Each structure stands twice: as structure tokens, then as C-alpha cells.
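Chains as they are written, first to last, in the numbering used here: chain A, 105 to 339; chain B, 105 to 339. We put the beta carbon where it would ideally sit given N, CA and C, even for glycine. Just so we're clear, the structure is a prediction, and the values are computed from it rather than from any experiment. Have a look at the structure below before the remarks.
Protein chains: 2
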Amino acid sequence: MPTTRRPTKEDVLSAYRRNALLGAAIRVFGERGFDCATMERIAEEADVAKGTTYLYYDSKQSIYDAALSSGFAELDERTREAIDRAPNFREAISAFMTARAEYFFEHRDFFRMYVAAIARQITSSRPRASEFQAVVDRQTRRLEQAVARAAARREIRRVDSAATAVAIFDLTRGLVARRMVSTGEFDLAEDVAFLSELVWRGLRKGPGLKAQDPGDKTIGKREKGQRKGIRDRDT
Amino acid sequence: MPTTRRPTKEDVLSAYRRNALLGAAIRVFGERGFDCATMERIAEEADVAKGTTYLYYDSKQSIYDAALSSGFAELDERTREAIDRAPNFREAISAFMTARAEYFFEHRDFFRMYVAAIARQITSSRPRASEFQAVVDRQTRRLEQAVARAAARREIRRVDSAATAVAIFDLTRGLVARRMVSTGEFDLAEDVAFLSELVWRGLRKGPGLKAQDPGDKTIGKREKGQRKGIRDRDT
DNA sequence: CGATATAATGACCGCTTGGTCATTCTGCTG
DNA sequence: CAGCAGAATGACCAAGCGGTCATTATATCG
């Protein structure tokens, strides 16, 4: 441990400061949104003066980005663990939903930042879309792989794994968003059970569209049209 | 037609102005978001001076609210028509998805406002949540009724209709959001077909969880636990 | 204990923007 | 055409905020 050792005193302090700033940033951005959040408030929340903030981060934007990625990293880690731990695909679905929902409920401010960030991406016309897109994509990747594996193993029918993954992703997001604004009690396990069963049943092998209404034009073709689903392969 | 007649010249002009302002507002709020949008820009987009704007709307907030509700009203109308026209529940699902997706693609700016508004609601801590919540609720109400009807008619299994409705709602929202940011081509009908089939299969009658993994604790109870699902009965 | 280097501070600047209001314009009426 | 009422205008104001930097506090070392 000779060469790159020694976290000098400055390093430690610096790390501490950066961290405090990051936490403060998540809190403030979470409750005010990017535009309404002020650097003054973030600094004060981190117990430093405004000027100090600029010793650690270049700009409001940069501290925002840092706060966002730090949350994303943690969330991804949790998601990955949850999926890896699941013994089969059916449980992977509920594990995915549960892990994410729990993380978000434990970090409400981050969830708010997250939602605002997505909204921002949709709103602002492409400044650095692909970069952010990659982060979001990474979130569904693991799930997508799990879907593909399950299909290969014949646990489920053949489906577009990317489209399936984002569907599960969207359901989870919706669940969290709804429960986040509501004030009353609720049982997360129950919500997850409902949604994961819905999806599971939807993916089970079995007769396709039993011609309840044969004349429909949009339904019926596909069922193996892999590649080309919902997932957007941008660029 | 004697009493409340006569749209006086002023009335007509006033209506025209309000409308132009509303359109401009949707455009500007849509592409900049509430905070970054400026009254100056909205006025200019509507071909009036900034001061004129305040002759028709009290404040930035009030023109924002007006723009949002006008879009919501139109969207709700379209959604209602689509569901009503559907001959059965299965088609109601895809009609719902298609109608909303098409509306959003035709009014991208409104979709952006819409997403930002939701994000805003999640972000800001309860200023006038219930009021806005009601508008959002109305969007799933029709669908919820359709689900309940279908269950009663035995088209599908017994499920929590509110939870089912929001699930379909969230899938639709996700679909639109994803396609909105992506730049490439895509086939809406295909996306809708995939999702509506997923949901339809998920709702079909049939054996419940075929004990692929019996020992799970969160899955299994319910299947008729109406009332208490995802939908939040706030207040 | 000085001396020096580095970190922290917060008053301050420039700029943006929501909202106002004195002034100007428009078109109707007699 | 003159006079006038109401609509429209845009210069202006005050407030808020991101970012800077001269000044001050702190830590290290000889």
C-alpha cells in the first residue's frame, strides 16, 4: 500500500464536503426542482457559504448532474442485486418492482429529482440526450436480459424483451409516483403482487389472442417480431 | 334567442385573443417548462405586447393553468370517444392507448406540459394537490368503468378495476414518453398491439399463479381483494 | 510564535423576469 | 370630422439569483 495511498487530510475533508453538498443538493433539488432551487439554499443546507460550493462544483448544473448520477448509481446497484437474487423470472419481476419502489420511498427527494429530470429531458430539446438516455437505458438492461433468459428457458412465451422490460419499468414508475403523492396508508407488497401477477399472466405461455374479435387489424401480426419493439434504439 | 345573445364584437375579439394566448402558452410552456418560459415570449408568440397578456390572464400561473386544463379537456374528450366506440373490452384497451398516444403526438407541446405538470405535482409539496388530482383521476375513470363492466360481463377475470386502469394508463404514458424522445421511426400500432395484448392476456380468465414457486409470501393472497388496490383514494 | 499557503466566506455584480401603469392607438358614435 | 372610451403598448421597477473575488480565517511548518 505504498504508492497511491494516503488519503491526505485534505482529501478526507474534501470528500466529506462533496458528500455533504451532494446530500444537500438532492434534498433541495428534490423539493424545489432545478429552477427554483437556489445555490444559497444548498450551501446553507450543507453548512457552508455559497462561495464554498463553487470550490467543489463548477456550477449549479454540475452539482445537479453529480447529485443525479450518485442516486442513479445506488438505484442501479439495488436493482441489480434484486434481480440477481431472484430464483426465477416470476420473482424477478416482483423483486425488480419491490427493490425500486423501496429505494424510491427511502429516497423521496431523489425520486422527485428523477421524475423532474425525465420531464426535463422530454421538455428541453436535445442538449445532451444520448448521454442521459444511456443512464436510463442501463436501468432496464438487466431486466431485459432477465426477460430474454426466461424466454429462452421457456418460462414465458416469446416476446420482445426490450418492450417487456420497459413495460415493467413503466408500471413500477407509475406505482411509485401514485403512492408518492397520495397521503394515505398503503401496502406496497399488495400493489407489487397485483402488477407482477398481471405481467406474469401476460407473459405466460398459452394460446394467443383467442379470437374474441377476429376482424381486428392491429392485433395479431407479431408475437415474434423481436427487435423493433418499444425500446428505442436511438441514433 | 333574445336574452343572452349577441356575441359583441369585443367578445369575439376577446375570445380570439384568449385563444391565441392559450396556444402560445402551450407552445412556450411546452418547450421551456414553467420556470424558463417567459411572459415576454408568450406574448410575442401570440402577437401581442407583454402588457396585453395581463389584460386576459392575471398571472403567469393563471395562464399556465388555463393552458393545461384546455389540453386536458380535449384529451379527455378523445379518450372518452375512443372507449365508447370500442365494441368490447379488449378493443377498449387498444383504443384507449391509441387515442391518447395519437393525441399526444399531435400535441407534443401539450404532452411536455403534461409531463412537467405531473412532475411538478410530485415535486412541490401539496399546494393544491387534490384539485389537480381530480383532473388526473378523471382520465382513468372511464377506463376503470370499462374494466369493471368487462369483469361483470365475464370478459376478463375479477380484478381491482382501479388498479388495472392505472396500469394501462401508465403503460400508455410510458409508451408515449419513450417514443417522444426517440428520434427514429416507429410503428405506433405495433407498440399498442404489444402492450394491449400483454394486458389482455394478463386479464384473461384462467388458472391463477400456477405454482411455479409455491413458497412466495407476497403472491397469492388477493385475486379478489377489490377496493384497496393501487388507486389512491386520497383525502 | 511568526510566516506562508490554502480554504472559506459573503458582499457584490450583472442580468433576467414577473408584473405595472402612464401613454398611445383604435374605432365607434353623434 | 371631433371626441372619447376602452384596448394595447412597452419602458420601467423591484426582486431574486448564479457566479465572482477581495478579504478573512485556519492550518502547517520552521
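Proximity to residue i [Cα-Cα], best of the options
i	options	result
residue 293 of chain B	B/184, B/161 and B/206	B/206
residue 216 of chain A	A/175, A/238 and A/304	A/175
residue 284 of chain A	A/120, A/185 and A/218	A/218
residue 122 of chain B	B/151, B/135 and B/137	B/151
residue 270 of chain B	B/134, B/143 and B/201	B/201
residue 296 of chain A	A/287, A/311 and A/278	A/278
residue 210 of chain B	B/235, B/226, B/178 and B/221	B/178
residue 262 of chain A	B/302, B/142, B/249 and B/213	B/302
residue 298 of chain A	A/135, A/139 and A/276	A/276
residue 267 of chain A	B/228, B/282, B/273 and B/258	B/282
residue 257 of chain B	B/170, B/134, B/191 and B/126	B/191
residue 173 of chain B	B/140, B/221 and B/139	B/221
residue 137 of chain B	A/226, A/169, A/171 and A/274	A/226
residue 235 of chain A	B/286, B/311 and B/126	B/286
Other residues of its chain near residue i: CB distance less than 7 Å, five sequence neighbours each side excluded
i	result
residue 149 of chain B	128, 131 and 132
residue 180 of chain B	242 and 243
residue 194 of chain A	304
residue 260 of chain A	193, 254, 307, 308 and 309
residue 300 of chain A	197, 198 and 201
residue 182 of chain B	203 and 207
residue 265 of chain A	248, 251, 252 and 255
Local Cβ density within 10 Å of residue i, reported as buried at 16 or more and exposed below that
i	result
residue 224 of chain B	buried
residue 116 of chain A	exposed
residue 119 of chain A	exposed
residue 153 of chain A	exposed
residue 155 of chain B	exposed
residue 188 of chain A	exposed
residue 288 of chain A	exposed
residue 144 of chain B	exposed
residue 159 of chain B	exposed
residue 142 of chain A	exposed
Cβ neighbours of residue i in the same chain (closer than 6 Å, five flanking residues each side left out)
i	result
residue 208 of chain B	215 and 280
residue 146 of chain A	128, 129 and 132
residue 167 of chain A	129 and 161
residue 124 of chain B	150
residue 239 of chain B	176
residue 165 of chain A	none
residue 109 of chain B	In this prediction, residue 109 of chain B scores a pLDDT of 40, lower than 50, which makes its location untrustworthy; the coordinate-derived value is nonetheless stated afterwards. Correct list: empty, nothing qualifies.
residue 246 of chain B	184 and 187
residue 316 of chain B	In this prediction, residue 316 of chain B has a pLDDT of 44, which is less than 50 and means its spatial position is unreliable; what the coordinates show is noted afterwards. Around residue 316 of chain B: no qualifying Cβ.
residue 341 of chain B	Because chain B is modelled from 105 through 339, residue 341 of chain B falls outside the range shown and cannot be assessed.
Beta-carbon contacts of residue i that lie in its chain and below 8 Å, excluding the five residues immediately before and after
i	result
residue 212 of chain A	134 and 284
residue 49 of chain A	Because chain A spans 105 through 339 in this model, residue 49 of chain A falls outside it and cannot be assessed.
residue 157 of chain B	125, 143, 146, 147, 150 and 167
Q: Report the residues of the segment 110 to 141 of chain A with a CB closer than 7 Å to any CB of chain B, ordered along the chain.
A: Result list: 135, 137, 139 and 140.
Q: Select from the segment 261 to 273 of chain A all residues with a C-beta closer than 9 Å to any C-beta belonging to chain B, and list them in chain order.
A: 261, 263, 264, 267, 268, 270, 271 and 273: these are the residues of the segment 261 to 273 of chain A whose beta carbon lies less than 9 Å from some beta carbon of chain B, given in chain order.
Q) the segment 273 to 286 of chain B: which residues have C-beta closer than 8 Å to a C-beta of chain A, in chain order? A) When CB distances to chain A are screened at a threshold of 8 Å, the residues of the segment 273 to 286 of chain B falling below it are 273, 274, 275, 277, 278, 279, 281, 282, 283, 284, 285 and 286, in chain order.
Q | Where the segment 197 to 212 of chain B meets chain A: residues whose CB sits under 7 Å from a CB there | A | Those residues of the segment 197 to 212 of chain B that come within reach of chain A (Cβ to Cβ, closer than 7 Å) are 198.
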